[in-house]
């Protein structure tokens, strides 16, 4: 039992990768860009919702249904290094990083699934 507790503690204390990630439609070039405190968990959530047909972004779900999983690529775009403060809250920094990423030429508003940009 102690081994199980120790593994759980290690998992909870392991820093998660934070930053901006995207779901890319390789056929159309459209992307969904988001940010999060745990990129891998968020990407896994998107993949699961898409596979189950329950993704909240209807346009993305429709393309997934029509083109299939092989037409999509999931990737980390930018990582955020957390500040070395015990009370650090990365939410504002993540939002700023996402805003800066959205300004890049490769992410033109007309090629985004993001509701506020499409």
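In UniProt numbering, the protein residues as written are 1 to 118. C-beta atoms are modelled at their ideal positions from N, C-alpha and C, and glycine is treated no differently.
Boundaries for residue 14: no alpha helix (DSSP H) harbours it, and the DSSP string shows neither H nor E there.
In the three-state scheme derived from DSSP, where H, G and I count as helix and E and B as strand, residue 57 is classed as coil. Taking C-beta separations shorter than 8 Å and ignoring five residues to either side along the sequence, the partners of residue 74 in its chain run 21, 22, 23, 24, 43, 46 and 47, following chain order. Beyond the five residues adjoining it in sequence on each side, residue 101 comes within less than 7 Å, by CB distance, of 20, 33, 77, 78 and 107 in the same chain, given in chain order. In the structure shown, residue 107 falls within a helical segment according to DSSP collapsed to helix, strand and coil.
Distances from the alpha-carbon of residue 37 to those of 99, 70, 105 and 15 put 15 closest.
Taking C-beta separations shorter than 8 Å and ignoring five residues to either side along the sequence, residue 13 has no partners in its chain. DSSP places residue 114 in the coil class of the three-state scheme, outside both helix and strand. Between residue 110 and residue 67, the C-beta spacing is not below 9 Å.
Rounded to the nearest angstrom, the gap between the Cα atoms of residue 56 and residue 80 is 26 Å. If you draw a straight line from the Cα of residue 98 to the Cα of residue 6, it is about 35 Å long.
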